[in-house]
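**Student:**
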Amino acid sequence: MTQRLRIATWNINSLRLRLPLLPRLIGALDPDVICLQETKVPDELFPVDAPAELGFPHVAYAGMKGYNGVAILSRIPLQRQTTAPDWCAKGDSRHVSVLLDMKSGPVELHDFYVPAGGDIPDREENPKYGHKLDFVGEATSWFAGRKDLARTVLVGDLNIAPLEHDVWNHKQLLDVVSHTPPETSGLLAWQNTRFHDAVRHFVPEDQKLYTWWSYRNRDWRASNRGRRLDHVWVTPDLKDGLASHTILKDARDWPQTSDHVPVCVELEV
DNA sequence: ATGGTGGGCTCCCCA
Numbered sequence: 001m002t003q004r005l006r007i008a009t010w011n012i013n014s015l016r017l018r019l020p021l022l023p024r025l026i027g028a029l030d031p032d033v034i035c036l037q038e039t040k041v042p043d044e045l046f047p048v049d050a051p052a053e054l055g056f057p058h059v060a061y062a063g064m065k066g067y068n069g070v071a072i073l074s075r076i077p078l079q080r081q082t083t084a085p086d087w088c089a090k091g092d093s094r095h096v097s098v099l100l101d102m103k104s105g106p107v108e109l110h111d112f113y114v115p116a117g118g119d120i121p122d123r124e125e126n127p128k129y130g131h132k133l134d135f136v137g138e139a140t141s142w143f144a145g146r147k148d149l150a151r152t153v154l155v156g157d158l159n160i161a162p163l164e165h166d167v168w169n170h171k172q173l174l175d176v177v178s179h180t181p182p183e184t185s186g187l188l189a190w191q192n193t194r195f196h197d198a199v200r201h202f203v204p205e206d207q208k209l210y211t212w213w214s215y216r217n218r219d220w221r222a223s224n225r226g227r228r229l230d231h232v233w234v235t236p237d238l239k240d241g242l243a244s245h246t247i248l249k250d251a252r253d254w255p256q257t258s259d260h261v262p263v264c265v266e267l268e269v
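The numbering of the first sequence is the UniProt record's numbering, which starts it at 1 and goes up by one.
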């Protein structure tokens, strides 16, 4: 007896501004759970009535003023978890996790917004780059220490394109923050704490695959200088249940949209 | 070619 679990993740780049786009996402993907990043809304200003009106009455969120912020909107009942540390001791609203009440038992779900890391790929010159690498390192250590980790999904804007064909030009981007060797090796080390890349499960590694296109392009589709920054990972016990995936490229043309597009994975659990 | 665009929020940060 399995149950469908369809999880969408989207860097929405301001929840309040783009709330009108969520019905489009729901119409296109019919998700059971929506994980958002860069909500940019403090908890006291979170639009508390909106999720239930969209059919997602169960929520968990962590926000702050102006920057960052994550939220999980769910059709499935959930319990918030408070076991993870305050990453890099910054209290900067980059992670929320829950247990989803599936019929077969709980599924653990983590929603991350990894620091973007600034422009200069050097720890000394650019503390934001160091913060990013430290964040990934802390997350790696924490998940490596979770010896009981099972039935777990990790999603989010991880701000790193780990594979050669996760960027439009591998060689040209090797010194561009998001695709530098310390970042890509760090992200794969995190993934190797037990996770399986649920999107590359469906798309061979030699095929180009992007989830983000800069605002700073006249025609994002024509130039197609994308990067795969948004990810869905699952623990091995969920791998056999992987049913399908969608990268909702159409969303990049929605009115007043985000520079990221939604990524969705369906599982049977 | 070192720009370009966009969101939040305040006289500039961040992506």
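For glycine and all other residues, C-beta sits at the position ideal for the given N, C-alpha and C.
The structure displayed is predicted, hence computed values, not measured ones.
#1: Give me the DSSP bridge partner(s) of His-196.
#2: Name the two residues that bound the continuous beta strand (DSSP E) containing Leu-36.
#3: Note the first and the last residue of the continuous beta strand (DSSP E) segment covering Pro-106.
#4: Report the three-state DSSP secondary structure of His-179 (helix, strand or coil).
#5: Hey, would you say Gly-118 sits closer than 7 Å to Lys-128, going by beta carbons?
#6: Using a Cβ-Cβ cut-off of 7 Å (strictly less than) and excluding sequence neighbours within five positions of Met-64, which residues of its own chain qualify?
#7: Alpha carbons only, please: which of Asn-192, Pro-255, Val-265 is nearest the one belonging to Leu-17?
#8: Check for me: the beta strand (DSSP E) holding Trp-168 runs from which residue to which?
#9: Can you give me the Cβ contacts of Asn-217 inside the same chain, cut-off strictly under 7 Å, excluding the 5 residues immediately before and after it?
#10: Hey, Leu-238 and Val-269 are a contact pair by Cβ (cut 8 Å); roughly how many whole angstroms apart?
#11: Give me, in chain order, the residues of the same chain whose beta-carbon lies closer than 7 Å to that of Pro-31; leave out the 5 immediate sequence neighbours on both sides.
#12: Asp-101 by DSSP, collapsed to three states: which one?
#13: Looking at the structure shown, is Gln-191 part of a helix, part of a strand, or coil, going by DSSP?
#14: Tell me which same chain residues have a C-beta within less than 7 Å of the C-beta of Asp-166, skipping the five on either side of it?
#15: By the three-class DSSP mapping on this structure, what secondary structure does Arg-252 have?
#16: Looking at the structure shown, is Glu-124 part of a helix, part of a strand, or coil, going by DSSP?
#17: Which one or two residues does DSSP pair with Thr-246 in a beta bridge?
#18: Could you tell me whether the Cβ atoms of Val-261 and Thr-211 are closer together than 7 Å?
#19: Just the Cα atoms here: how many angstroms apart are Ile-72 and Asp-259?
#20: Are there three or more Cβ pairs, one per stretch, closer than 8 Å when the region 106–122 is compared with the region 144–164?
#21: Leaving out five residues on either side along the sequence, give the residues of the same chain with a beta carbon under 6 Å from the beta carbon of Ser-14.
#22: Mind checking which residues open and close the alpha helix (DSSP H) that includes Ala-28?
#23: Among Pro-236, Thr-257, Glu-53, whose alpha-carbon lies nearest the alpha-carbon of Ala-150?
**Tutor:** Taking the coordinates as given:
#1: Position 196 of the first sequence holds residue 196. His-196 pairs with Val-234.
#2: Locating residue 36 in the first sequence gives position 36, where the first residue counts as 1. Membership of Leu-36 in the beta strand (DSSP E) is indicated by the continuous run 33–37.
#3: The residue you call residue 106 lines up with position 106 of the first sequence. It spans 105–113 - the beta strand (DSSP E) in which Pro-106 sits, taken as one unbroken run.
#4: Within the first sequence, numbered from 1, the residue matching residue 179 stands at position 179. For His-179, the secondary structure class from DSSP, reduced to helix, strand or coil, is coil.
#5: Translated into positions along the first sequence, residue 118 becomes position 118. Translated into positions along the first sequence, residue 128 becomes position 128. Result yes, Cβ atoms of Gly-118 and Lys-128 sit closer than 7 Å.
#6: Within the first sequence, the letter at position 64 stands for residue 64. Beyond the five residues adjoining it in sequence on each side, Met-64 comes within less than 7 Å, by CB distance, of Pro-42, Asp-92, Ser-93 in the same chain, given in chain order.
#7: In the first sequence, the residue the question calls residue 17 occupies position 17. Nearest option by C-alpha distance: Pro-255.
#8: Start at 1 with the first residue of the first sequence, and residue 168 comes out as number 168. According to the DSSP assignment, Trp-168 belongs to no beta strand (DSSP E), since it is labelled neither H nor E.
#9: By 1-based counting over the first sequence, the position of residue 217 is 217. Excluding five sequence positions before and after Asn-217, the CB atoms of its chain that fall closer than 7 Å to its own CB belong to Ser-223, Arg-225, given in chain order.
#10: Position 238 of the first sequence holds residue 238. Position 269 of the first sequence holds residue 269. About 6 Å separates the beta carbons of Leu-238 and Val-269, which is inside the 8 Å limit, making them a contact pair.
#11: Stepping through the first sequence from its first residue, residue 31 is reached at position 31. Excluding sequence neighbours, Pro-31 sits near Arg-6, Ile-7, Ala-8, Cys-264.
#12: Against the first sequence, residue 101 aligns to sequence position 101. DSSP places Asp-101 in strand when its eight states are reduced to three.
#13: Taking the first residue of the first sequence as 1, we reach residue 191 at position 191. Annotated three-state conformation of Gln-191 is helix, per DSSP.
#14: Mapped onto the first sequence, residue 166 falls at position 166. In chain order, Leu-209, Arg-227, Arg-228 place their CB closer than 7 Å to the CB of Asp-166, counting only its own chain and leaving out the 5 sequence neighbours on each side.
#15: Working through the first sequence from its first residue, we reach residue 252 at position 252. Looking at Arg-252 - three-state DSSP - the assignment turns out to be helix.
#16: For this step, residue 124 is matched to residue 124 along the first sequence. The three-state reading of DSSP puts Glu-124 in coil, since its state is none of H, G, I, E or B.
#17: Mapped onto the first sequence, residue 246 falls at position 246. According to DSSP, which records beta bridges pairwise, Thr-246 is partnered with Cys-264.
#18: What you label residue 261 is simply residue 261 of the first sequence in a count that begins at 1. What you label residue 211 is simply residue 211 of the first sequence in a count that begins at 1. Yes, these two residues count as a Cβ contact at 7 Å.
#19: Taking the first sequence and counting its residues from 1, one reaches residue 72 at position 72. Taking the first sequence and counting its residues from 1, one reaches residue 259 at position 259. One C-alpha to the other measures close to 20 Å.
#20: Because the criterion of three Cβ pairs below 8 Å is met, the region 106–122 and the region 144–164 touch.
#21: Position 14 of the first sequence, counting from 1, holds the residue named residue 14. Cβ within range, chain order: Lys-40.
#22: For this step, residue 28 is matched to residue 28 along the first sequence. 22–29 is the extent of the alpha helix (DSSP H) around Ala-28.
#23: The residue given as residue 150 occupies position 150 in the first sequence. With distances taken between Cα atoms, Ala-150 lies closest to Pro-236.
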